[in-house]
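Residue numbers (the numbering used here): 11 to 404.
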């Protein structure tokens, strides 16, 4: 991986200072801030030193602060920080996945920036696996689009921006404020691709696909083309898309560590008309996704989109086509469809072993009865989607 050479511009030359990832010159200050952040230290000690946290919280925080300083000793750049992340990523893959396969990257130029737009199943792991695939291929990592709804704590914001995340506004009020924010975001993304030659990852729509149905939101395509069309109102949308070198990406998990939580949310929305997240639920989902067993994982990079598109809806349809065609169906998907008892013509049990069936049944047995239809649907829907049986659903 090539180490980026980051130079912090003067404030008046840095219009994206509030949303962009941190740069090398900011790393030392941010790490020092993290090592003394009480909320982060309390969160770490509750997870790693629960008994000491209850009995001697000040001592527990001091130990956690020392651990942060020790782990980040020698980290002087974003690249250094990501190399520490890569170490833990490799350990996570060894302990929580049975296999990881990356396909399609060999068809993309190694020194060219792309806007990777992918299906979204896990808050942190989707872009992390993209980064890992790029890193293993000797390529630079991506800048990651992350919604500000996930950045409710300053230490979370610091950690994400250290890992090359940039902020997507979702909590602003008023159409004028949102329009200005999206124009700035569009300009930043375009700048990354066309001037910095730095790749980006972003999800095809806001929020994870909790029902297993991958669909691109055309509003995201409109946002991405804002900057070019502000510069030239007559520019065809196809030209705006082509200059961003947009590449659809499919990620497929045999098992989702957050599947029960997703089923609980969908069940609540269906039965109660809504679902209210707890304060730390997103952080808990991130931890569960990282530590939970995922079985086999497959990542597939598609082909860059050209200039032959006339509408955002046409662009979204092509992204959907590539994402769905690149999505790998595991035994868990067919077993879920079989358990639901519908669409038997779509079942392909040729690669389903007795071990696969036993593992699936053991997981299903742990799902509360009222959540099982929702749990099964999130695994069965990708089969239906590939077969074109979800075209009228959203």
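Glycine included, every Cβ here is placed at the ideal spot set by N, Cα and C.
- In the three-state reduction of the DSSP assignment, residue 26 falls in the coil class.
- Where residue 155 is concerned, the enclosing beta strand (DSSP E) starts and stops at 153-157.
- Nearest Cα to residue 119 within the set 189, 395, 257: 257.
- According to the DSSP secondary-structure assignment, residue 110 is paired through a beta bridge with 307.
- Inside the segment 141-190, DSSP marks whole beta strand (DSSP E) runs of 3 or more residues at positions 153-157, 175-178, from first to last along the chain.
- In the assembly as shown, residue 117 is an exposed residue. Its beta-carbon has fewer than 16 other beta-carbons within 10 Å.
- DSSP places residue 344 in the helix class (H, G or I) of the three-state scheme.
- In the structure shown, residue 300 adopts helical secondary structure according to DSSP, grouped into three states.
- Of the candidates 359, 277, 138, the residue whose Cα lies closest to the Cα of residue 346 is 359.
- Counting other Cβ atoms within 10 Å of its Cβ, residue 156 reaches 16 or more and is therefore classed as buried.
- Excluding five sequence positions before and after residue 309, the CB atoms of its chain that fall closer than 6 Å to its own CB belong to 112, 139, 143, 261, given in chain order.
- The Cβ atoms of residue 273 and residue 135 lie no closer than 7 Å to each other.
- Under the three-state reduction of DSSP output, residue 32 falls in the coil class, being neither helix nor strand.
- Going by DSSP, residue 259 is part of the beta strand (DSSP E) stretching over 256-263.
- Residue 102 is not bridged by DSSP to any residue.
- A residue is called buried once 16 or more other Cβ atoms fall within 10 Å of its Cβ, and residue 122, having fewer, is exposed.
- With respect to the 7 Å criterion, residue 158 and residue 127 are not classified as neighbours on the basis of their beta carbons.
- Our two residues, residue 295 and residue 54, have alpha carbons roughly 15 Å apart in a direct line.
- Ranked by Cα distance from residue 343, the options 323, 377, 386 are led by 386.
- Taking 8 Å as the upper bound for CB-CB distance, residue 180 and residue 216 are in contact here, some 7 Å apart.
- Restricting attention to 73, 42, 40, 239, the CA atom closest to the CA of residue 56 is found in 73.
- Under a 10 Å Cβ-count criterion, residue 76 is classified as exposed, with fewer than 16 other Cβ atoms of the shown protein chains found around its own Cβ.
- Using a Cβ distance threshold of 7 Å, residue 334 and residue 395 count as a contacting pair.
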